[in-house]
Every structure is written in C-alpha cells, then in structure tokens.
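The opening residue of the sequence shown carries number 90 in our numbering; numbering runs sequentially from there. Cβ atoms here follow ideal geometry from the backbone N, Cα and C, with glycine treated the same way.
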Amino acid sequence: FLLNDHFHLGHWVEQLVKSVGLFSLLSCVHQAADLDIQLSLTLKPKSDMSNLVFGSVFTDHMLTIQWSATEGWQAPHIKPFGNLSLHPACSCLHYSVELFEGMKAYRGPDSKVRLFRPMLNMNRMAKSAERACLPAFDQSELLECIRRLVEIEQDWIPQSESVSLYIRPTFIGTEPSLGVKKPTNALLFVILSPVGSYFSTGIKPVSLWADPKYIRAWRGGTGDCKMGGNYGASICAQHEAVDNGCQQVLWLYGDDHQITEVGTMNIFLHWINEDGEEELATPPLDGIILPGITRQSILELTKNWGEFKVTERYLTMADLCCALKEQRIKEMFGAGTACVVCPVGRILYQGEVNFLFIKNKLIKFKIN
Numbered sequence: 090f091l092l093n094d095h096f097h098l099g100h101w102v103e104q105l106v107k108s109v110g111l112f113s114l115l116s117c118v119h120q121a122a123d124l125d126i127q128l129s130l131t132l133k134p135k136s137d138m139s140n141l142v143f144g145s146v147f148t149d150h151m152l153t154i155q156w157s158a159t160e161g162w163q164a165p166h167i168k169p170f171g172n173l174s175l176h177p178a179c180s181c182l183h184y185s186v187e188l189f190e191g192m193k194a195y196r197g198p199d200s201k202v203r204l205f206r207p208m209l210n211m212n213r214m215a216k217s218a219e220r221a222c223l224p225a226f227d228q229s230e231l232l233e234c235i236r237r238l239v240e241i242e243q244d245w246i247p248q249s250e251s252v253s254l255y256i257r258p259t260f261i262g263t264e265p266s267l268g269v270k271k272p273t274n275a276l277l278f279v280i281l282s283p284v285g286s287y288f289s290t291g292i293k294p295v296s297l298w299a300d301p302k303y304i305r306a307w308r309g310g311t312g313d314c315k316m317g318g319n320y321g322a323s324i325c326a327q328h329e330a331v332d333n334g335c336q337q338v339l340w341l342y343g344d345d346h347q348i349t350e351v352g353t354m355n356i357f358l359h360w361i362n363e364d365g366e367e368e369l370a371t372p373p374l375d376g377i378i379l380p381g382i383t384r385q386s387i388l389e390l391t392k393n394w395g396e397f398k399v400t401e402r403y404l405t406m407a408d409l410c411c412a413l414k415e416q417r418i419k420e421m422f423g424a425g426t427a428c429v430v431c432p433v434g435r436i437l438y439q440g441e442v443n444f445l446f447i448k449n450k451l452i453k454f455k456i457n
C-alpha cells in the first residue's frame with residue numbers, strides 16, 4: 090500500500106470492497122474525488138524525532154467528514170489541524186457514542202511510505218460503527234482520503250526503524266440533544282502523530298498486575314470493538330497496577346481467571362504446552378477480545394513459518410503458574426499497533442511475583 094504520485098486503490102482495497110460489499114449510495118458515500126484541501130499557511134517545526142512522547146505531537150493537517158440523517162455524508166475536508174466545535178449536549182460527550190482506530194505509516198529503506206494493512210482497520214472500524222449505531226461509510230473512499238492526508242504530511246515520517254506516523258481515525262456521535270438514542274448527526278475525523286516507542290522503557294520487558302476484581306470486557310458487551318469506553322474504564326485499574334509496582338494490567342475473566350488481554354494489547358504465550366508441544370497461543374476471538382491487526386499478522390506469519398504449533402485457545406492463570414513452576418515458558422508478550430510487540434518480564438498475582446523465564450531472543454518481523 091504505497092504513497093506516491095501514481096497511487097491507485099490496488100488489489101487489497103479492491104478485495105476489501107468485494108468482501109464487505111459497497112454500502113447504500115444514499116446514506117454512506119463520501120467521495121474522495123470531492124475532497125476539499127485547505128493547506129496551512131504556517132507549518133510547525135519538526136520536533137526531535139528521536140525523543141517523542143507517544144501521542145503528544147501532531148502534524149499540520151487533519152481530515153474531517155460530517156454526516157447527518159437528512160443529508161447523508163458531506164464532502165470530506167483536509168484542513169489545518171485545530172480544535173473541534175461541539176454542541177455541549179452532543180452524544181459522544183454524554184453517552185460515549187464514539188469509536189476510533191489506530192494504524193501506522195512507515196517509511197521504508199526505499200524512501201517510500203507504506204500503511205500497514207489499512208484495509209483491516211477499515212473493516213474493523215465499520216464493525217465498531219455498526220455496534221455504536223453510527224452510520225455506515227464507504228471503506229475504500231475513506232481509505233483514499235486518509236492516503237491523501239498522509240501523502241500531504243509525509244515529511245513527518247523520517248526514514249527510521251524506530252519512528253512511524255500514527256494515524257487516528259475517530260468517529261463520534263454529535264447528536265445535539267440529551268436523549269439516549271441513535272444519533273442523527275456524526276463527525277468522522279482523522280489526526281496524525283509521529284511516534285516512537287509506546288513505552289518510555291522502550292522494548293524492555295514490562296511487569297503486569299493480575300487481579301480478577303477488574304474486568305475489561307464481558308460476553309455480549311463491546312470488548313471486541315474499538316470504543317473509547319473500553320479504554321477510559323481501564324484507567325483506574327492501570328493506576329492500581331502502578332501503585333502495586335507494575336506497569337500494565339493483565340486482564341482476567343471468569344472464575345477460572347482466564348487470561349484475556351494485557352493493558353491495551355492482545356496477549357501471546359510461547360511455551361511448551363501440557364502435551365509437551367512447542368506452541369504459540371493467544372485467546373480466541375469470542376466477543377471479549379479485540380481482533381487486533383498485529384495479532385492477526387503474528388498468527389499468519391508464525392503459521393507460515395511452520396516452526397511450532399500456533400493456536401487460538403483459552404489460557405488460565407493456573408495454566409501459566411504451572412508452566413512457570415515447570416519452566417515451560419519461553420516468552421510472553423503483548424502485541425498491538427501502538428506498541429507493536431512488548432515482552433513481559435514478571436507478573437504480580439495473588440500477592441506473589443512470578444518471573445518469566447524469557448530467552449534472550451528478539452524476533453524481528455520484516456515487512457517486504
């Protein structure tokens with residue numbers, strides 16, 4: 090998925106459109122051909138790209154697209170980065186009628202800029218929108234608008250393995266009334282932020298706090314959607330983890346303390362399982378796990394390697410503690426767009442600190 094002067098939608102976007110189908114033209118088409126571009130007269134100085142705090146620096150422009158039930162989607166706009174003007178009663182502020190996505194653009198050794206599997210983000214965003222009762226949108230048209238925005242801002246992407254451009258599409262209900270109902274107005278906007286490592290410690294192993302009193306998601310809820318409410322509700326547990334000397338929360342579920350996610354990441358366990366097999370395991374997508382793009386990519390890559398068993402299965406703290414005592418753990422890590430891959434060093438569970446026996450091995454995922 091390249092950004093250059095001769096860009097076209099290409100095979101992946103065409104396959105995306107075929108797989109999900111085009112939505113009704115009446116309600117959900119915002120044509121990239123109608124994109125209005127207003128460039129900023131004053132550009133920000135580029136900050137020190139070697140010392141970025143995640144999500145604190147933003148580029149010069151943003152994308153906005155308005156929707157209303159009476160007029161449908163309006164023409165998309167790329168304009169100078171700035172504040173939004175919202176009605177005080179709008180539904181996103183009161184009832185969390187909103188969702189977001191997280192994706193990245195990288196500059197390769199050939200100096201070309203590439204988005205990492207953006208069609209999967211568009212698909213997931215559409216599913217989240219359906220769950221939030223926000224209007225459907227044409228995924229390929231939105232993707233082209235995002236491509237145009239990234240193309241304008243590509244000077245913010247250095248040729249560096251440690252820096253990328255984080256892309257944050259956000260979709261909010263702007264219904265100007267206090268009723269709890271399907272919004273008749275909405276705003277889709279995209280902002281960009283150059284980022285380095287998500288954690289200030291870099292790729293060093295993190296410590297996890299596991300306590301079943303906090304639950305990230307439950308079956309029948311919205312844990313498999315990328316909605317802000319899932320993240321805001323986790324902040325209290327995150328602070329308690331820090332108070333207990335840990336960096337992240339290991340989210341548990343059910344009476345058997347199933348391992349579900351870590352912080353805002355999917356979780357992977359590379360171990361020798363109960364049957365003596367070398368296995369890479371991660372919890373299945375059963376409604377409480379976010380279908381991560383990095384998660385899917387790791388599963389596809391490792392299955393293609395054919396070096397060990399790759400499984401989507403339930404894992405409990407009892408399984409993990411038993412494997413730790415028997416020294417069957419090879420490594421444990423979180424995975425997500427923001428952090429990419431984050432190793433786990435120790436877990437605090439039921440008052441005991443469990444150290445993971447991680448081999449000194451770094452696996453690099455090379456994207457051609």
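- Per DSSP, arginine 435 is paired with what? Ser296 and Phe444
- When DSSP labels each residue in this structure, what does arginine 308 get in the three-state scheme? coil
- Item | C-alpha distance - phenylalanine 278 paired with tyrosine 195, whole-angstrom precision | 21 Å
- State the DSSP-derived secondary structure class of threonine 71, mapped to helix, strand or coil. An answer regarding residue 71 cannot be provided, because it is not within the stretch 90 to 457 covered by the chain.
- Message: Helix, strand or coil, according to DSSP, for leucine 124 in the structure here?
- Response: coil
- Query: Anyone know if the C-beta pair for glutamate 187 and arginine 213 falls short of 8 Å?
  - Reply: no
- lysine 398 versus alanine 424: straight-line alpha-carbon distance, rounded: 18 Å
- Item | Residue(s) in a DSSP beta bridge with alanine 326 | Alanine 326 is not bridged to any residue.
- Message: Considering only DSSP beta bridges, list what glycine 161 is partnered with.
- Response: Ser157
- Tell me whether aspartate 345 is buried or exposed, calling it buried when 16 or more other Cβ atoms sit within 10 Å of its Cβ. exposed
- Grab the span of the beta strand (DSSP E) containing histidine 359 for me, first residue to last. 354-361
- Taking all protein chains shown into account, do 16 or more other C-beta atoms lie within 10 angstroms of the C-beta of aspartate 199, making it buried, or fewer, making it exposed? exposed
- Determine, using beta-carbon pairs with one atom in the region 329-346 and one in the region 298-305, whether at least three such pairs fall under 8 Å. yes
- Message: Taking the beta carbon of alanine 407 as the centre, do at least 16 other beta carbons fall within 10 Å, making it buried, or is it exposed?
- Response: exposed
- Query: Do you know offhand how far alanine 158's Cα is from proline 224's?
  - Reply: 9 Å
- Query: With lysine 193 and tyrosine 287 assumed to form a contact (beta carbons below 8 Å), what rounded beta-carbon distance in angstroms separates them?
  - Reply: Not confirmed; about 11 Å, so no contact.
- Task: Taking all protein chains shown into account, decide if cysteine 181 is buried (16 or more other Cβ within 10 angstroms of its Cβ) or exposed.
- Result: buried
- Kindly list the residues whose CB is nearer than 8 Å to the CB of methionine 138, restricted to its own chain and excluding five residues on each side of it in sequence; keep chain order. Pro247, Ser249, Val252, Pro283 and Gly285
- Message: If you measure between the beta carbons of proline 165 and cysteine 234, is that distance less than 8 Å?
- Response: yes
- Query: Can you list, in chain order, the residues of its chain whose CB lies under 6 Å from that of tryptophan 156, leaving out five sequence neighbours each side?
  - Reply: Trp162, Pro224 and Ala275
- Task: Just the C-alpha distance for threonine 263 and glutamate 420, rounded to the nearest angstrom, thanks.
- Result: 45 Å
- Message: What does the alpha-carbon distance come out to for the pair lysine 293 and proline 432?
- Response: 7 Å
- Message: Do arginine 384 and asparagine 362 have their beta-carbon atoms positioned less than 8 Å apart in this structure?
- Response: no
- tyrosine 438 to glutamine 336 span [Cα, whole Å]: 14 Å
- Message: Taking 8 Å as the limit between beta carbons, can you name the residues of its chain near glycine 171, skipping five residues before and five after?
- Response: Met151
- Cross-strand partners of histidine 176 (DSSP beta bridge): Looking at the DSSP assignment, histidine 176 forms no beta bridge with any residue, so it has no partner.
- Query: Is the beta carbon of isoleucine 382 sitting closer than 8 Å to the one on glutamate 350?
  - Reply: no
- Same chain, Cβ closer than 8 Å to leucine 141, neighbours up to 5 away in sequence not counted: Val252, Pro283, Val284 and Gly285
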